[in-house]
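2 protein chains.
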Amino acid sequence: MELWFTERQTPGVALSFQVIRTIHRERTRYQDLAVLETRDNGKVLVLDGCVMTTDLDEFVYHEMIAHVPLCTHPCPRRVLVIGGGDGGTVREVLKHDSVEAAVLAEIDGGVIEASRQHLPNLSRSLDDPRCHVMVGDGAEHVSSRPGEYDVILCDSTDPVGPGAVLFSGGFYRASHQSLTGDGVFCAQMESPFFHGELIGRVVRDLRRVFPVVRLYLAVVPTYPGALWSFVLASKKADPVRDARTVRLNTRYYTPEVHRAAFVLPKFVEELVRPESP
Amino acid sequence: MELWFTERQTPGVALSFQVIRTIHRERTRYQDLAVLETRDNGKVLVLDGCVMTTDLDEFVYHEMIAHVPLCTHPCPRRVLVIGGGDGGTVREVLKHDSVEAAVLAEIDGGVIEASRQHLPNLSRSLDDPRCHVMVGDGAEHVSSRPGEYDVILCDSTDPVGPGAVLFSGGFYRASHQSLTGDGVFCAQMESPFFHGELIGRVVRDLRRVFPVVRLYLAVVPTYPGALWSFVLASKKADPVRDARTVRLNTRYYTPEVHRAAFVLPKFVEELVRPESP
């Protein structure tokens with residue numbers, strides 16, 4: 000017998016993985032959660048039927064959401080990760096020696112627990128003494144912490160369900176207030192192949208709040224569209240001109256990849272081009 | 000009723016498209032050929048069950064296999080395309096004003112015919128007076144044409160079946176002989192996520208024949224692994240240092256994308272790093 004898990008990435012495109020066994024399945028307070036052991040992608044975390052992370056390519060996403068903004072900030076000490084309950088982003092954040100505190104604000108404690116139990120490769124850093132795990136609403140948290148963080152990473156789910164508020168102008172203004180004077184904000188932003196309109200809107204919204212807003216790209220084969228975008232918004236530093244060269248133990252990120260990630264294919268560049276006056 | 004086409008990309012990973020109708024299906028002399036009209040990816044050309052090209056992302060592949068080598072050569076006049084019977088690569092080659100002749104050597108006339116009839120967006124340039132269509136064995140052709148071409152583009156299927164010879168050392172030596180003094184060779188080379196070993200071997204084989212050999216990347220969401228590699232081998236020009244800035248009517252390629260495509264993620268860089276002496 001062959002068992003297959005299928006994600007309907009769009010109404011007409013589906014990606015499937017052959018499943019060896021279901022390691023864990025539960026209905027958390029917020030969503031349907033599954034940890035699958037697959038034939039070719041190792042362990043796969045699935046939330047509400049969408050692939051969140053697989054052993055094969057999780058390093059791309061987690062390295063790129065963390066190291067690009069952290070190497071843009073001149074000296075990141077306090078970092079907030081919103082979402083990202085699996086721990087993969089915190090794992091990368093803690094590779095930076097300057098980081099004194101990595102606060103994880105994940106709304107769904109079930110994700111953290113499942114990752115602690117079944118995805119140690121992602122969750123191991125959650126036990127680091129510099130990591131502070133907070134089960135709660137990340138958007139509320141930033142609203143109540145002015146001038147608290149050097150870097151805010153929004154490692155959200157898609158802009159539906161509990162993650163929708165993290166794609167709003169109000170959240171971007173609160174994040175700006177919660178950042179220190181050199182603060183850097185970064186959020187995962189879906190694929191230009193399928194969500195060009197969303198990307199354009201978010202970049203415009205962020206430009207009303209931050210002086211420096213730039214999109215960058217990485218390739219995550221198991222995400223819909225595979226070409227994945229992140230938006231970086233900064234109070235001062237430019238992510239290309241001012242990036243620090245930090246040698247890190249990585250598999251995807253290098254200082255050269257950092258710069259190249261901001262070079263956008265023409266159809267993506269057109270999505271984020273500032274309107275002419 | 001929903002109709003779905005599924006490609007088993009690896010034994011444990013499958014990509015599926017919802018199909019509106021089968022436009023064309025035949026058993027050619029060499030392979031099983033289908034043209035499908037899909038819900039979200041437009042028309043899809045399928046050979047032996049593998050997706051060759053879809054309306055959604057064909058521009059990425061065809062622009063990147065053509066413009067990177069053509070902008071590396073100082074003045075490409077005669078260009079050979081091996082495989083690529085759909086015509087998409089020739090379409091991009093003919094965007095260069097310097098090109099006087101684009102020879103298409105496709106072993107399977109059925110692909111050319113099907114594309115002419117059903118994929119005009121790809122095949123329209125096959126009727127350009129500068130295009131010379133030749134149904135035959137591209138590897139044999141290069142062996143009998145010393146010093147004939149400025150650029151050879153190997154737009155092959157995967158390294159199984161009729162395309163296997165195009166991944167051999169003998170073919171690379173014959174291509175070298177078939178090139179002029181400034182000649183540039185380029186071949187599509189599968190994904191580093193699934194075919195790292197093949198990529199490493201081909202790069203080593205080409206380094207025995209050409210003085211300049213470099214890998215570059217583009218993102219083709221409907222190909223297995225999505226992160227797609229191309230190998231460029233050159234007799235003189237370096238594809239980054241010597242690239243000409245040519246403004247072309249494109250959707251993916253720009254002169255900046257050209258340079259950034261050679262910046263490799265660390266795990267890919269490690270596949271092609273020359274061995275220490």
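Heads up: the sequence lines are chains L and D, in that order.
In this text, residue positions in the first sequence follow numbering that gives the first Met the number 0: the first is 0, and each later residue adds one.
In this text, residue positions in the second sequence follow numbering that gives the first Met the number 0: the first is 0, and each later residue adds one.
Glycine included, each C-beta is placed from N, C-alpha and C at the ideal position.
Confirm, please, whether the CB-CB distance from residue 88(L) to residue 238(L) is below 8 Å. no
Through-space distance from residue 81(D) to residue 30(L), alpha-carbon basis: Whole-angstrom Cα-Cα distance: 50 Å.
Give me the Cα-Cα distance between residue 101(L) and residue 83(L), rounded to the nearest whole angstrom. 12 Å
For residue 25(L), report the span of its beta strand (DSSP E) as first-last. 12-26
What would DSSP say about residue 51(D), mapped onto helix, strand or coil? strand
Using the C-alpha atoms, what's the distance from residue 136(D) back to residue 173(D)? 13 Å
Spell out whether any CB of chain D is found under 8 Å from the CB atom of residue 122(L). no
With a threshold of 16 other CB atoms inside 10 Å of the CB of residue 21(D), please say whether the residue is buried or exposed. exposed
Quick check: is the beta carbon of residue 17(L) nearer than 8 Å to any beta carbon in chain D? At least one beta carbon of chain D lies nearer than 8 Å to the beta carbon of residue 17(L).
How would you call residue 188(D), buried or exposed, if buried means at least 16 neighbouring beta carbons within 10 angstroms? With 16 or more other Cβ atoms inside 10 Å of its own Cβ, residue 188(D) counts as buried.
For residue 44(L), would you say it is in contact with chain D, using Cβ-to-Cβ distances shorter than 8 Å as the test? Interface criterion not met: the Cβ of residue 44(L) is under 8 Å from no Cβ in chain D.
If you follow the alpha helix (DSSP H) that residue 182(L) is in, where does it begin and where does it stop? Residue 182(L) -> not in any alpha helix (DSSP H); beta strand (DSSP E) instead, spanning 178-187.
Considering residue 46(D), what are the terminal residues of the beta strand (DSSP E) in which it resides? 42-46
Any idea which residues DSSP pairs residue 250(D) with across the strands? For residue 250(D), which the question treats as bridged, DSSP gives no partner whatsoever.
Can you say whether residue 74(D) is buried or exposed, counting buried as having 16 or more other CB atoms within 10 angstroms of its CB? exposed
Contact list for the segment 232-261 of chain D against chain L, Cβ threshold 9 Å: 249, 250, 251, 252, 253, 255, 256, 258, 259, 260, 261
With 8 Å set as the bound, which would you pick, yes or no: does the beta-carbon of residue 275(L) sit closer than that to a beta-carbon of chain D? Confidence at residue 275(L) is low in this model, with a pLDDT of 49, below 50, so the placement of that residue should be treated as unreliable; the coordinate-derived value is given next. It does not: the Cβ of residue 275(L) has no partner Cβ on chain D nearer than 8 Å.
At a Cβ cut of 9 Å, what residues of the segment 31-42 of chain L count as close to chain D, listed as they run along the chain? 37, 38, 39, 40
Which full runs of the beta strand (DSSP E) of 3+ residues lie inside the segment 144-232 of chain D, going along the chain? 148-154, 178-187, 211-218
Answer yes or no: the CB of residue 19(D) versus the heavy atoms of the ligand SAH, is any distance below 7 Å? What this structure holds is no ligand at all, so the ligand SAH is not there to describe.
For chain L, check one thing: does any of its Cβ atoms lie closer than 8 Å to the Cβ of residue 225(D)? yes
Output the distance between the C-alpha atoms of residue 185(L) and residue 269(D), rounded to the nearest integer angstrom. 28 Å
Quick check on DSSP: helix, strand or coil for residue 81(D)? For residue 81(D), the secondary structure class from DSSP, reduced to helix, strand or coil, is strand.
Considering only the beta carbon of each residue, do residue 105(L) and residue 134(L) sit closer than 8 Å? yes
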